[in-house]
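Reminder that position 269 of the sequence shown reads as 269 in full-length UniProt numbering, one-by-one numbering, no gaps. Take a look at the structure set out below.
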Amino acid sequence: MKKRIYCCCIFLLLLVLCACKRDGNGPALKDSTAPGPVSDITVESLHGAVKIKYALPSDPDLLYVKAQYTAPNGAIRETKVSRYNRSLTVAGFGDTSEYRVTVYAVDKSENISSPVTIDVRPLIPPVWVVRKELAAAADFGGVNIKYTNPGEDDLAIVVLADDSLGRFSPVATQYTNLKEGNFSTRNMPDIPTKFGVYVRDRWGNLSDTMHVVIKPLFEQRLDRTKMKGLPLPGDAPIGHNGSIAGLFDGSTTSGFYHSSDASKMPQWFTFDMGQRAKLSRLVWHMRPDYYYSLHNPRVVEIWGSDNPNPDGSFDGSWVLLAAVTQIKPSGLPEGQLSQADTDAALAGQTVTFPLHSPKVRYIRFKTLKNWSNGTYVNFYEIAMWGDTK
């Protein structure tokens, strides 16, 4: 019996040692025999890319297939897919020229098959697709750029203007993979200004530059010292030493708004700007120790009025100016912050108002949902911009 147990232990030990040897970085068994090449290749041209379909060689130790081509700047670009794929997409082409692509099969010993070379011609690259549909228009403090990106490609849209030294250089860059959208430059004087706009992808491919001359609409930051709370029936009760005045004290780290535990969603508060203005934007700043979490507002509506009903109702005197849902840039779970999250939080959440918005004096900040699905709301500062002329 002891001999049988001893033999079993030796057998198990050998199995473990064998497994450990196979767990190294390289393959367990190496050979010098290259796999056969891929065959039956067909090519589908895409925007800035080509999709290559193929039949695999029959080699049992096949590991992956790779394709390579040389970009105009001399860089070798490579795409790899596992042996379970029957196609691969080669991307990064910056024009519609003919390119030579070489395809290889590679086995577990890193033996490379003989090359299969094909000539491909991609369709118009995404930077040009997007560039052709760009539209520029005057906006408060700058220019608004509208774009469509049908392929939802990862792109950068760059806006140029003269800087303080007269150099035509970037003043805004919008990174996007959205199907469509728009963005604006800010803090520019209301004088005719030459702008340039071009599109860039992650491989460094560039479109040409669209040139326009546009006069930005006048915009100024509204005087926060004129702003004060205007409590009306139905407004959320204030609690925890918060105040509406704290939102206009000029600090994003002290003085705050905090509704009470008795509040419920949706909830709102009302304030008097102390001046009539055609608003361009509002920026609110979250509670700094709880970015993108707990009771910071998340889903918000901004309402405006020139003569609010004293009964606090949302009657015809109130106009919905904008609605926004705050997005955490990284998408990380609550309590985890990337640098992009922190940078966005420090900059504040911007609410942009449509150009056709009416002039108003009174604002109602309505929270439909906070970050914790809780009952009360707290945050630290509001800043507003517009035209009081």
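Where is the CB? At the ideal position from N, CA and C, for every residue including glycine. Here the structure is a predicted model, which means the values were calculated and not measured.
Point to revise | Three-state secondary structure (DSSP) of F248 | key: helix
Practice item. Determine contact between the stretch 221 to 228 and the stretch 248 to 268, defined as no fewer than three beta-carbon pairs at a distance below 8 Å. Key: yes
Point to revise | Those runs of the alpha helix (DSSP H) which lie wholly inside the UniProt domain "DUF5126" (125 to 224) and span at least 4 residues | key: 126 to 131
Review point. Relative to the C-alpha of I382, which residue among S305, Y257 and D306 is closest?
Key: Ranking S305, Y257 and D306 by Cα distance to I382 puts Y257 first.
Point to revise | the stretch 344 to 352 / the stretch 263 to 278 touching (three or more Cβ pairs under 8 Å) | key: no
Point to revise | Assigned secondary structure, P354 (DSSP; H/G/I helix, E/B strand, else coil) | key: Note: P354 maps to coil in three-state DSSP.
Review point. Under a Cβ-count criterion, where at least 16 other Cβ atoms within 10 Å of its own Cβ denotes burial, should G304 be classed as buried or exposed?
Key: By the 10 Å Cβ count, G304 comes out buried.
Review point. Between residue 390 and the rest of its own chain, which residues show a CB-CB distance below 8 Å, the 5 nearest in sequence each way excluded?
Key: The requested residue 390 does not occur in the structure, where the chain is confined to residues 1 to 389.
Practice item. Would you mind reading off the limits of the beta strand (DSSP E) that contains D119? Key: V116 to V120 is the span of the beta strand (DSSP E), which, as asked, contains D119.
Practice item. Report the residue from S330, G234 and Q339 whose alpha carbon sits nearest the alpha carbon of G312. Key: G234
Practice item. Return the chain-ordered ranges of every beta strand (DSSP E) run that is complete within the UniProt domain "DUF4959" (19 to 122) and spans a minimum of 3 residues. Key: 39 to 46, 49 to 55, 62 to 70, 76 to 82, 87 to 91, 99 to 107 and 116 to 120
Practice item. State yes or no: is the C-beta of A137 nearer than 8 Å to some heavy atom of the ligand ZN? Key: The ligand ZN is absent from the structure shown, which contains no ligands of any kind.
Check your understanding: For S260, which three-state DSSP category applies?
Key -> coil
Review point. Do V90 and V101 have their CB atoms nearer than 9 Å?
Key: The answer is yes: Cβ separation under 9 Å.
Exercise for review: Hey, could you find the ends of the alpha helix (DSSP H) A340 is sitting in?
Suggested key: Q339 to A347
Exercise for review: Output the distance between the C-alpha atoms of T96 and K179, rounded to the nearest integer angstrom.
Suggested key: 23 Å
Check your understanding: Would the beta-carbon of L282 fall within 9 Å of that of M384?
Key -> Against a cut-off of 9 Å, the Cβ pair of M384 and L282 comes out as a contact.
Practice item. Using the Cα positions of P125 and N144, report the straight-line distance between them to the nearest angstrom. Key: 24 Å
Review point. How many whole angstroms separate the CB atoms of F379 and P297, which I take to be in contact at a CB cut-off of 8 Å?
Key: In this structure, F379 and P297 form a Cβ contact; the two beta carbons are roughly 6 Å apart against a cut-off of 8 Å.
Point to revise | Anticipated Cβ contact below 8 Å, V300 with L368, distance rounded | key: Their Cβ separation, rounded to whole angstroms, is 7 Å, which keeps V300 and L368 in contact under 8 Å.
Review point. Using the beta-carbon count (16 or more within 10 Å), is G386 buried or exposed?
Key: Buried, since its Cβ has 16 or more Cβ neighbours within 10 Å.
Exercise for review: Report yes if the C-beta distance between W128 and V199 is below 9 Å; otherwise report no.
Suggested key: Cβ distance < 9 Å, so W128 and V199 count as in contact.
Review point. Per the contact definition of three or more C-beta pairs closer than 8 Å, is the stretch 65 to 76 in contact with the stretch 188 to 195?
Key: no
Check your understanding: Hey, quick one: how far does the beta strand (DSSP E) through L320 stretch, first residue to last?
Key -> W318 to T325
Practice item. Return yes when the Cβ of R361 is within less than 9 Å of the Cβ of residue 474, no when it is not. Key: Coverage of the chain is limited to positions 1 through 389, which leaves residue 474 absent and any answer about it impossible.
Review point. By Cβ distance below 6 Å, which residues in the same chain neighbour G274 in space, the five residues on each side in sequence not counted?
Key: A distance below 6 Å between beta-carbons, with the five flanking residues on each side excluded, links G274 to the following residues of its chain, in chain order: K226 and M227.
Review point. Can a CB atom of chain C be found closer than 9 Å to the CB of Y54?
Key: Absence of chain C from the displayed structure is noted, only one protein chain being present.
Practice item. Using the DSSP secondary-structure output, state which residues sit across from M384 in a beta bridge. Key: L282
Review point. Just checking my contact of L217 with D139 at CB under 8 Å: how many whole Å lie between their CB atoms?
Key: 6 Å
Exercise for review: Kindly list the residues whose CB is nearer than 7 Å to the CB of N25, restricted to its own chain and excluding five residues on each side of it in sequence; keep chain order.
Suggested key: Confidence in N25 is poor, its pLDDT being 47 and thus under 50, which makes the residue's placement unreliable; the coordinate value appears in the next sentence. There are no such residues.
Check your understanding: In terms of residue numbering, what span does the beta strand (DSSP E) encompassing F365 cover?
Key -> V360 to N370
Check your understanding: Under a Cβ-count criterion, where at least 16 other Cβ atoms within 10 Å of its own Cβ denotes burial, should T325 be classed as buried or exposed?
Key -> exposed
Review point. Within 10 angstroms of its Cβ, does residue 390 collect 16 or more other Cβ (buried), or is it exposed?
Key: A question about residue 390 goes unanswered here, because the residues of the chain that appear run from 1 up to 389.
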